[in-house]
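Here the structure comes first, spelled out in structure tokens, and everything after it is commentary.
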Ligand code: PTT
Ligand code: SF4
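Residue numbers (the numbering used here): 69 to 678.
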């Protein structure tokens, strides 16, 4: 096995011990890395029904076979665990030096098990492992924690940490690094907090093994040059994902006031162009020459790194039309270690509940001071904040009434920044994504706008699956950034070439798609195992609001999803995936994907179709 290190580091936080563990080439060939390894480990090792915030859950940091080589946008890491927000498989993809350092330290993954009695920092320095007392760090925000550790370990150490939200087990707490990279939307930061693990520092000094090192290096350099020749490169460097604000507004998909509308009257004030005026610098992930983190000064003069999702969810979705104020909320979310997307959802939900008189507290749309205070209440679990800290699904259960109709989530994970009243394919993508409502697996909205919004044609189902294979499967398993491909048109063939030179394996995209389908089927099996007889195809539905309440503003006024046509689309989706009418993989499908062992184990929880 070359390209992979062939080693996992298994860390017991209960015993404060770590062992390096070899793994075989078969898992590498069948699951590649990243999300593939994460689901394989969680499926094999977690007890079904384990409480995600108990010591029985495992927190996995895992890279892919391209991570750490000098290849375009390859400094990313998958962070995964059973999610406390959804109750099933959860992960995120974070740009971090820790990805590169972990691979140079000789590991492809670090698996944290158990729970430390006291707060600790795990320090991995090549093959040495230490546990540092984190008593003084507990309670600090993520920026303070990182800067404290950097003073000791320097600029090049890989550092991942949690803020107070992770410590307080907020169900959508994430992991933060480099003052603005953040990942693990489905509460992976809360899992880290439940283990009393405040931060992880990784420093590696080894060389990564490659099948053809010189050729790989040369092709990497060529790839970097190629990226710079792509026509959208210049504009991308100026705006990054922020260009999407104007696009979403033009196409009536900008989430507005808790996804009740797709256009926002103050969109112009929070878009890519005002961002350019406010921009003071740019940051990004390691090994990337198209860095896209736009740093602006917020209303208080503090730095805040903006991406589209942050602005859509903490701007239009809560009725806030001032970029520097949005930047205030984004900065606070980063410091506290809260996922901005779920946060924007629970805030929008609370504002709507307040407007409708379902809660006593007065939270009007778009008020900076009150919203900021509410965000802190969420992180510290005070008052209404404590209820919102459970995520929008549970908050709606608590409030009751009709509120679950406009609690914007799928399977418990809050919807990301695209309104789908008039976007059936994107709604299907959210509904069938492997972790709940995230666009990462299949961002089909831009394609759908060109194809035609009204249609529920088979091509849409094909496109969702196609994207899930490429993005949710291959990019997440390789753990490289998908933005060079999707935003600049950096061709997919580069990745099969990189993989061959790194690992010696000749794989076509057809081969990679099979790996992808295996990963997707295993993640689905994990969901079914966790929910057992409670599982139903109703879990693959987008939020009720998109079916029931038409848009009242903008060019698509009157639009809403059609339930009957959506159901037909979902049937088509299941059939193409080889899943039955409940959305459960059939025995033959599992066999075809080399997942025979899953048949028996899953069969104990639900009846499987042939
Ligand atoms: C990702 C999700 C996104 S998706 C954004 S903005 W985006 C939000 N960013 C947050 C943030 O910032 N602070 C915070 N406290 N919470 C945040 N939550 C939200 O998290 C991110 C980039 C982006 S910016 C995107 S689309 C792409 N995502 C990729 C992916 O998922 N896979 C992949 N192979 N490549 C990707 N490239 C791009 O990476 P999650 P990052 Mg992210 C301030 O974490 O859980 O996956 O959710 O990690 O390093 O910040 O890079 O318009
Ligand atoms: Fe990170 Fe952006 Fe570069 Fe992707 S394009 S690797 S998200 S800086």
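Glycine included, every Cβ here is placed at the ideal spot set by N, Cα and C.
As the structure is a prediction and not an experimental result, all values here were calculated from the model.
{"Check": "Using the Cα positions of residue 329 and residue 319, report the straight-line distance between them to the nearest angstrom.", "Outcome": "12 Å"}
{"Check": "If you follow the alpha helix (DSSP H) that residue 641 is part of, which residue opens it and which one closes it?", "Outcome": "631 to 645"}
{"Check": "Can you list every residue whose CB sits closer than 7 Å to some heavy atom of the ligand SF4, going in chain order?", "Outcome": "141, 143, 144, 163, 308, 352, 353, 356, 358, 359, 360, 361, 549, 551 and 552"}
{"Check": "Any idea what DSSP makes of residue 180, helix, strand or coil?", "Outcome": "strand"}
{"Check": "Applying the 10 Å Cβ sphere with the 16-neighbour rule, what's the burial state of residue 641?", "Outcome": "buried"}
{"Check": "May I ask whether a heavy atom of the ligand PTT can be found less than 7 Å away from the beta carbon of residue 406?", "Outcome": "yes"}
{"Check": "From 176, 643, 637 and 516, pick the residue whose C-alpha is nearest to that of residue 316; which is it?", "Outcome": "516"}
{"Check": "Quick check on the DSSP output: the beta strand (DSSP E) that includes residue 271 runs from which residue to which?", "Outcome": "265 to 271"}
{"Check": "Say yes only if the C-beta of residue 250 is nearer than 7 Å to one or more non-hydrogen atoms of the ligand PTT, and no if none qualify.", "Outcome": "yes"}
{"Check": "Does the ligand PTT have a heavy atom nearer than 7 Å to the CB of residue 201?", "Outcome": "no"}
{"Check": "With burial defined as no fewer than 16 other Cβ atoms inside 10 Å of the residue's Cβ, what is the status of residue 578: buried or exposed?", "Outcome": "exposed"}
{"Check": "On a CA-only basis, which of 639, 621, 283 and 616 is nearest residue 628? Give me that one, please.", "Outcome": "616"}
{"Check": "Would you list, in sequence order, the uninterrupted alpha helix (DSSP H) runs of no fewer than 4 residues that lie entirely inside the segment 297 to 366?", "Outcome": "301 to 307, 312 to 318 and 340 to 346"}
{"Check": "So, with DSSP's three-state summary, where would you put residue 585?", "Outcome": "helix"}
{"Check": "Take residue 381 as the anchor and find which of 373, 394 and 372 has the nearest alpha-carbon.", "Outcome": "394"}
{"Check": "Keeping to the same chain, check which residues put their C-beta closer than 8 Å to that of residue 392; ignore five residues upstream and five downstream.", "Outcome": "346, 364, 365, 366 and 367"}
{"Check": "Is the segment 582 to 601 touching the segment 659 to 673, taking contact as three or more C-beta pairs under 8 Å?", "Outcome": "yes"}
{"Check": "In the segment 541 to 605, which residue ranges form an unbroken alpha helix (DSSP H) of at least 4 residues, counting only runs that do not cross its ends?", "Outcome": "551 to 556, 561 to 571 and 577 to 599"}
{"Check": "Assuming residue 274 contacts residue 173 under a Cβ cut-off of 8 Å, what Cβ separation, rounded to an integer in Å, is found between them?", "Outcome": "7 Å"}
{"Check": "Any idea what DSSP makes of residue 656, helix, strand or coil?", "Outcome": "helix"}
{"Check": "Are the beta-carbon atoms of residue 249 and residue 154 separated by less than 8 Å?", "Outcome": "no"}
{"Check": "Examine the ligand PTT and report whether any of its heavy atoms sits within less than 7 Å of the Cβ of residue 306.", "Outcome": "no"}
{"Check": "At a threshold of 7 Å, does residue 487 count as lining the ligand PTT (C-beta to nearest heavy atom)?", "Outcome": "no"}
{"Check": "Looking only at its own chain, which residues have a Cβ that is under 7 Å from the Cβ of residue 431, when we skip the five neighbours before and after it?", "Outcome": "418, 419, 422, 438 and 442"}
{"Check": "Counting only the same chain and skipping the five closest in sequence on each side, list residues whose C-beta sits under 7 Å from that of residue 321.", "Outcome": "330, 486, 487, 491 and 513"}
{"Check": "Got a sec: does the ligand PTT put a non-hydrogen atom nearer than 7 Å to the Cβ of residue 600?", "Outcome": "no"}
{"Check": "How would you call residue 204, buried or exposed, if buried means at least 16 neighbouring beta carbons within 10 angstroms?", "Outcome": "exposed"}
{"Check": "Near residue 257, which residues of its chain fall below 7 Å by C-beta distance, leaving aside the five closest residues on each side in sequence?", "Outcome": "230, 233, 234, 241, 242, 243 and 405"}
{"Check": "At which residues does the beta strand (DSSP E) containing residue 149 begin and terminate?", "Outcome": "144 to 150"}
{"Check": "Compute the Euclidean distance between the alpha carbons of residue 676 and residue 601, then round it to the nearest angstrom.", "Outcome": "12 Å"}
{"Check": "With a threshold of 6 Å on Cβ separation, who are the neighbours of residue 254 within its own chain once the five nearest residues in sequence on each side are excluded?", "Outcome": "151, 153, 154, 158, 481 and 503"}
{"Check": "Leaving out five residues before and five after residue 211 in sequence, what residues of the same chain have Cβ atoms less than 6 Å from its Cβ?", "Outcome": "247 and 403"}
{"Check": "For a test of your reading of the model: does the CB of residue 557 fall under 7 Å from any non-hydrogen atom of the ligand PTT? Yes or no.", "Outcome": "no"}
{"Check": "If we count the other Cβ atoms within 10 Å of its Cβ and call it buried at 16 or more, is residue 560 buried or exposed?", "Outcome": "exposed"}
{"Check": "Would you tell me roughly how many angstroms separate the C-alpha atoms of residue 674 and residue 265, rounded to the nearest one?", "Outcome": "36 Å"}
{"Check": "Please state if the CB of residue 98 and the CB of residue 586 are separated by a distance shorter than 8 Å.", "Outcome": "yes"}
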